[in-house]
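In the numbering used here, the protein residues as written are 270 to 636. Following: one structure in C-alpha cells, then a few remarks.
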Ligand code: KG4
Ligand code: ZN
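Right under this line is the structure:
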C-alpha cells in the first residue's frame with residue numbers, strides 16, 4: 270500500500286510517500302522544508318511564525334513529494350467544501366484549492382499525519398491539510414504520535430529485539446521509553462524541566478552562539494584549549510530514570526559571567542556542556558538498559574545527531590552487548606518517513622479514524 274505522511278509538529282514541514290507491504294518497503298519520496306533560518310532571528314522556535322511557514326510550505330512540499338514519487342498528475346480532483354476546516358481564509362486554503370483544481374487524485378491508499386505532541390499551531394497546519402485531502406480524495410487517515418514514531422519506526426524497520434529502551438532527545442523532549450513488544454510502550458523517564466536540546470540551545474545562546482545551539486557547541490567543542498571548566502551532571506546519581514537540565518544552564522550562566530578567559534573559556538565551556546549532557550544521557554539510558562535487561566537500545570531525536578553522543582552510545586552498547594539502533598542523522602531529526610512507517614503498523618492493528626475527528630493533541634502521551 271502507498272502511504273502519504275505529513276509531519277508538522279515543530280518547525281520542519283515534512284511529507285513522505287512510503288510503498289509498503291509486510292515484507293518489503295520502499296520510500297518513494299521524502300521532502301523536508303526547514304525553517305531554521307527564519308527562527309534564528311528569535312533565538313528559538315516562534316510558534317506563530319512556524320505555523321505561518323507551514324501554511325505557506327505545505328502544498329509546495331506536497332507537490333514535490335508526489336512528483337518525486339511519480340504520483341503527480343495533471344487533471345482535477347473533486348474539491349469538496351473544505352472551507353469549514355479552515356478557521357479563516359489562509360494561504361494554505363488558497364494553495365490547496367488551486368492544487369486540487371489542477372491535479373487528479375494520486376494513487377495513494379492511506380494518509381498519515383502527526384497528531385501530537387508538538388506545537389499546537391504547527392500541528393493544526395498539517396492536520397488541516399490532511400483532513401481536507403482525506404475528504405477530497407476519499408482516503409482513510411491514521412493519526413500518529415510523534416515521539417512514538419521516533420523510536421517505533423527504527424525498531425520496526427530493523428526488527429529490534431525486546432525488551433527495548435529508547436532515548437528520544439530533541440529541542441522539546443527528553444524521554445526514556447521501555448518497549449516490551451511492538452504493542453507495549455511505557456515512558457520510564459523524562460526531563461523534569463528543560464529538554465536536552467533546549468539546554469544545548471540555551472547555554473549556546475549564553476555563550477553567544479546562534480540558534481540552533483547544539484551543532485554550534487559540537488563544532489566549538491572540537492577546538493583545542495588548555496583551559497578547564499567543571500560543570501555539574503544533574504541527577505546522574507539519583508535512583509530513577511528522570512533528567513533535569515535547568516541546573517546545568519544556571520551553572521553555565523554564573524561561570525560564564527564570573528570567570529575570565531575569552532575564546533579559551535568559550536571552548537572549555539562548549540566541551541564541558543557537551544560532556545555533561547552526553548554523560549547524563551548515556552549513563553541514565555544504560556542504567557535502564559541494565560535494570561530492564563534490554564536487548565536493544567534506540568537513540569532518536571535531533572540531539573542524537575551529536576557525534577560525541579553517538580560515539581558514547583556505540584562504546585556502551587558494545588560493552589553491555591546490546592544491539593544499538595541509531596538511525597542516520599537525517600532520520601534522527603524530524604521527518605515524515607517515521608510517521609508513515611508507524612501509521613502502517615497502527616493501520617494494520619487498529620484501523621483508521623474518521624477524518625472529521627482528527628485534531629491536534631499538543632500534549633499527546635505514549636500509550
Ligand atoms: O528533533 P529536532 O530537529 O526538533 C525538535 O526539537 O523537535 O531537534 C532540534 C534540537 C535542537 O535543540 C538542536 O540544538 C539539537 O536538536 N541538535 C543538536 C545537534 N543537532 C541538533 N544538539 C547537539 N548536537 C548536535 N549536533
Ligand atoms: Zn521530533
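Glycine is no exception: its CB is placed at the ideal position from the N, C-alpha and C atoms.
Between the stretch 311-327 and the stretch 401-417, the count of Cβ pairs shorter than 8 Å is below three; the stretches do not touch. Residue 607 is classed as buried because its beta carbon has at least 16 other beta carbons within 10 Å across all chains shown. In this structure, the ligand KG4 has no non-hydrogen atom nearer than 8 Å to the beta-carbon of residue 283. One thing to note: residue 388 has its Cβ no nearer than 9 Å to the Cβ of residue 464.
Taking one beta carbon from each stretch, the stretch 429-439 and the stretch 472-485 have fewer than 3 pairs nearer than 8 Å; the two do not touch. Distance from residue 421 to residue 277 at the Cβ level is roughly 19 Å; contact not present, criterion being Cβ atoms closer than 8 Å. A distance criterion of 8 Å places the beta-carbon of residue 294 beyond contact range of the ligand KG4, judged by its closest non-hydrogen atom.
For residue 415, the uninterrupted alpha helix (DSSP H) run begins and ends at 415-426, by DSSP. Using a 10 angstroms sphere on the CB of residue 423, the tally of other CB atoms reaches 16 or more, which defines it as buried. Excluding residues up to 5 positions away in sequence, 541 lie with their Cβ nearer than 8 Å to the Cβ of residue 499 in the same chain.
Proximity of the beta carbon of residue 621 to the ligand KG4 is not indicated: no heavy atom of the ligand is located closer than 8 Å. Placement of the Cβ of residue 414 at a distance of 8 Å or more from every heavy atom of the ligand KG4 is found. By the criterion of at least three beta-carbon pairs nearer than 8 Å, the stretch 300-309 is not in contact with the stretch 450-463. Of all C-beta pairs linking the stretch 524-535 to the stretch 544-551, fewer than three are shorter than 8 Å, placing the two stretches out of contact. Judged by beta-carbon spacing, residue 636 lies within the 9 Å limit of residue 454, meaning their Cβ atoms are closer than that value. In the assembly as shown, residue 285 is a buried residue. Its beta-carbon has 16 or more other beta-carbons within 10 Å. Scanning 271, 439, 383 and 577 for the CA closest to the CA of residue 491 turns up 577. When rounded, the separation of the alpha-carbon atoms in residue 509 and residue 503 is 12 Å. For residue 493, no pairing in a beta bridge is given by DSSP. Relative to the ligand ZN, the nearest heavy atom lies less than 8 Å away from the CB of residue 279.
For residue 592, the enclosing beta strand (DSSP E) begins and ends at 592-594. About 20 Å separates the CB atoms of residue 410 and residue 364; that is not less than 8 Å, and the two are not in contact. Here DSSP, grouped into helix, strand and coil, assigns residue 336 to helix. By the neighbour-count definition (other C-beta atoms within 10 Å, threshold 16), residue 547 is a buried residue. Residues of the same chain with a CB within less than 8 Å of the CB of residue 385, apart from the 5 flanking positions on each side, are 278, 392, 414, 415, 629, 630, 631, 632 and 633 in chain order. Within the stretch 447-530, the runs of beta strand (DSSP E) at least 3 residues long that lie entirely inside it are, in chain order, 453-459. Taking the C-beta atoms as reference points, residue 380 is found nearer than 9 Å to residue 273. For residue 565, the enclosing beta strand (DSSP E) covers residues 565-569.
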